[in-house]
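> The listed protein sequences derive, respectively, from chains A and B. The working numbering puts the first sequence at residues 3 to 206. The working numbering puts the second sequence at residues 3 to 206. Handing you this structure, nothing more for now.
There are 2 protein chains.
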Amino acid sequence: MNSSASTKERILTAAELLFAQRGFDGASLRQLTAAAGVNLAAVNYHFGSKDKLVEEVFRRRLDTLNTHRLAALSEVAGQPQTTLEDVLDAFIRPALALSSDGSGSLFMRVLARAFAEHDDTLRQFLSENYGHVMRQFTAEFARLLPKLSREELYWRIDLVTGALTHAMSGFGMIQRKSGVSESSHREQTIAHLVRFAAAGLSHP
Amino acid sequence: MNSSASTKERILTAAELLFAQRGFDGASLRQLTAAAGVNLAAVNYHFGSKDKLVEEVFRRRLDTLNTHRLAALSEVAGQPQTTLEDVLDAFIRPALALSSDGSGSLFMRVLARAFAEHDDTLRQFLSENYGHVMRQFTAEFARLLPKLSREELYWRIDLVTGALTHAMSGFGMIQRKSGVSESSHREQTIAHLVRFAAAGLSHP
DNA sequence: CGTATGCTCAAACGATCGTTTGATTCCCTG
DNA sequence: CAGGGAATCAAACGATCGTTTGAGCATACG
Numbered sequence: 003m004n005s006s007a008s009t010k011e012r013i014l015t016a017a018e019l020l021f022a023q024r025g026f027d028g029a030s031l032r033q034l035t036a037a038a039g040v041n042l043a044a045v046n047y048h049f050g051s052k053d054k055l056v057e058e059v060f061r062r063r064l065d066t067l068n069t070h071r072l073a074a075l076s077e078v079a080g081q082p083q084t085t086l087e088d089v090l091d092a093f094i095r096p097a098l099a100l101s102s103d104g105s106g107s108l109f110m111r112v113l114a115r116a117f118a119e120h121d122d123t124l125r126q127f128l129s130e131n132y133g134h135v136m137r138q139f140t141a142e143f144a145r146l147l148p149k150l151s152r153e154e155l156y157w158r159i160d161l162v163t164g165a166l167t168h169a170m171s172g173f174g175m176i177q178r179k180s181g182v183s184e185s186s187h188r189e190q191t192i193a194h195l196v197r198f199a200a201a202g203l204s205h206p
Numbered sequence: 003m004n005s006s007a008s009t010k011e012r013i014l015t016a017a018e019l020l021f022a023q024r025g026f027d028g029a030s031l032r033q034l035t036a037a038a039g040v041n042l043a044a045v046n047y048h049f050g051s052k053d054k055l056v057e058e059v060f061r062r063r064l065d066t067l068n069t070h071r072l073a074a075l076s077e078v079a080g081q082p083q084t085t086l087e088d089v090l091d092a093f094i095r096p097a098l099a100l101s102s103d104g105s106g107s108l109f110m111r112v113l114a115r116a117f118a119e120h121d122d123t124l125r126q127f128l129s130e131n132y133g134h135v136m137r138q139f140t141a142e143f144a145r146l147l148p149k150l151s152r153e154e155l156y157w158r159i160d161l162v163t164g165a166l167t168h169a170m171s172g173f174g175m176i177q178r179k180s181g182v183s184e185s186s187h188r189e190q191t192i193a194h195l196v197r198f199a200a201a202g203l204s205h206p
């Protein structure tokens, strides 16, 4: 099937699918390696352990996602004419671009699971490797919403994060009407999410 | 009968804690029964299986939660002077009352896990026992937001649901300042969530 | 050609899982 | 007080888990 791809890539792709469908505990290495068409021992050979494989699944997607997010943010951050919607667009658009890129949509489901799991090891891994992204966006939100107290801002960002994670984890299931192109459907979705988040962040 | 109810209750309480901490798959019946101080076989004796136990954990909380939500909704639904904030209060207040009631706060974490898991069996169970509540609230939202299309309304309700689930699942972790009573802290939290949800639902 | 190296393979490891069993204890009722 | 169903118990069941092993295969280099 995908015999052209490397063994590591096939494992990562199959892991992303099964982790999204059955969770990290629910997906066994035997199901996983069978779906990838590789030997059972290949996971421990190439990744060391199942936990390391989980981290690699995150790393592969988050590296590109955060690069795109920071690139988009750097184009609007600190500039006087920048609006709240611009910053939110920089945060949301790369995630939805990932969702529409082949199997990447499954990754948002995996990310939503990681949020629901309150596993300390996984949270620490995510915080260490990608906390700086949220910090940069938070700083820009604080600049654009100077009337909000720090506590109030954190509250609203947390609520927006929950809404966006919830929505984007189910994005693959939202059927677009026939006659509407993929890109225009995505643009509509981005507009929905950006307006909702802007209203939730900036309401009096 | 009384001693069996005690055993059942202790199992349910321990299950709620461990399901919130480690997930449905992650929490084993041996950890669970040890924490409850009962024999391993007690789960299968009283509930039939682990899956039935999971359903009972949901049923115990959702029965009272839904009753309180519908009771609060019936006091404001359909009346001309009712505001969007009133309906949201009827939805949010019972959930936070549950959260501050002893170990009930853990249940919101369990509920957040159930949302993240896309398990069909669990979703069907929740839909059967929970669906009519959301339908009644949705009807009232539609009445108060007549300018929104059906599709747009569903979008916003889904986003609000994600935000509230995310926030309330972490409610137990939010430290209230010293000198602030439990009830006033809860009132502040309710006010935060209601205003955020109202802004997200009703923005132009 | 010979051999070293990276990779794949079937097989087995010990641990833990949910569930079942059969004996034993408890408690209510006649 | 005696009998019987409900509840609890230790123990074991088969299945499945993540991981390890050591032999076998491939390709590249001296």
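We put the beta carbon where it would ideally sit given N, CA and C, even for glycine.
What are the boundary residues of the alpha helix (DSSP H) that Val23(A) is part of?
One detail in the question is off: residue 23(A) reads as Gln in this sequence, not Val. Where Gln23(A) is concerned, the enclosing alpha helix (DSSP H) stretches over 9-28.
> Please state if the CB of His48(A) and the CB of Thr9(A) are separated by a distance shorter than 9 angstroms.
It is a contact, given that the beta carbons lie within the stated cut-off.
> List the residues of chain B whose Cβ lies closer than 8 angstroms to the Cβ of His168(A), in chain order.
In chain order: Phe117, Asp160, Leu161, Thr163, Gly164, Ala165, Thr167, His168.
> Check whether the region 53-62 of chain B and the region 109-127 of chain B touch, using three or more Cβ-Cβ pairs below 8 angstroms as the test.
The region 53-62 of chain B vs the region 109-127 of chain B: in contact.
> Going along chain B, which residues have a C-beta under 8 angstroms from Gln23(A)?
The contacting residues are His120.
> Name the two residues that bound the continuous alpha helix (DSSP H) containing Lys54(B).
Start and end: 52-76.
> Relative to the alpha-carbon of Ala29(A), which residue among Lys52(A), Ala44(A), Glu11(A) has its alpha-carbon at the smallest distance?
Nearest option by C-alpha distance: Lys52(A).
> Could you work out which residue in Gly202(B), Val78(B), Phe198(B), Ala73(B) is closest to Phe198(A) when comparing CA atoms only?
Here the closest residue by C-alpha is Gly202(B).
> Kindly list, in the order they appear in chain B, the residues whose Cβ is closer than 7 angstroms to that of Ala114(A).
Simply Ala118.
> Would you check if the distance between the CB atom of Ala1(A) and the CB atom of Leu150(A) is smaller than 9 angstroms?
Within the shown structure, residues of chain A are numbered from 3 to 206, placing residue 1(A) beyond reach of any answer.
> Run down chain A in chain order and give the residues with a C-beta less than 7 angstroms from the C-beta of His194(B).
Those within 7 angstroms of His194(B) in chain A are Trp157.
> Thinking just about the alpha-carbon of each residue, which of Ala99(B), Ser101(B), Ala17(B), Arg12(B) is nearest to the one in Val56(B)?
Cα-wise, what sits closest to Val56(B) is Ala17(B).
> Pull up the distance between the alpha-carbon of Ala116(B) and that of Val40(A), whole angstroms please.
Between Ala116(B) and Val40(A), the C-alpha separation is close to 31 angstroms.
> Is the Cβ-Cβ distance between Val162(A) and Ala165(B) less than 9 angstroms?
Closer than 9 angstroms, so yes.
> Helix, strand or coil for Leu42(A), going by three-state DSSP, please let me know.
Leu42(A) falls in the coil class under three-state DSSP.
> Is it buried or exposed, Leu19(A), if we count other Cβ atoms within 10 angstroms and call 16 or more buried?
Result: buried.
> Start and end of the alpha helix (DSSP H) containing Ser107(B)?
Element bounds for Ser107(B): 107-118.
> Tell me whether Gln81(A) sits in a helix, a strand or coil according to DSSP, three-state version.
In the structure shown, Gln81(A) sits in coil (DSSP, three-state: anything other than H, G, I, E or B).
> To the nearest angstrom, how far is the alpha carbon of Ile94(A) from that of His187(A)?
Between Ile94(A) and His187(A), the C-alpha separation is close to 14 angstroms.
> Could you check what DSSP says for Val182(B) in three-state terms: helix, strand or coil?
If DSSP states are grouped into helix, strand and coil, Val182(B) belongs with coil.
> The region 134-151 of chain B: which residues have C-beta closer than 7 angstroms to a C-beta of chain A, in chain order?
Cβ contacts with chain A come from no residue of the region 134-151 of chain B.
> Tell me, to the nearest whole angstrom, how far the beta carbon of Ala200(A) is from that of Leu90(A); I am working on the premise that it is less than 8 angstroms.
That pair is a contact at about 6 angstroms.
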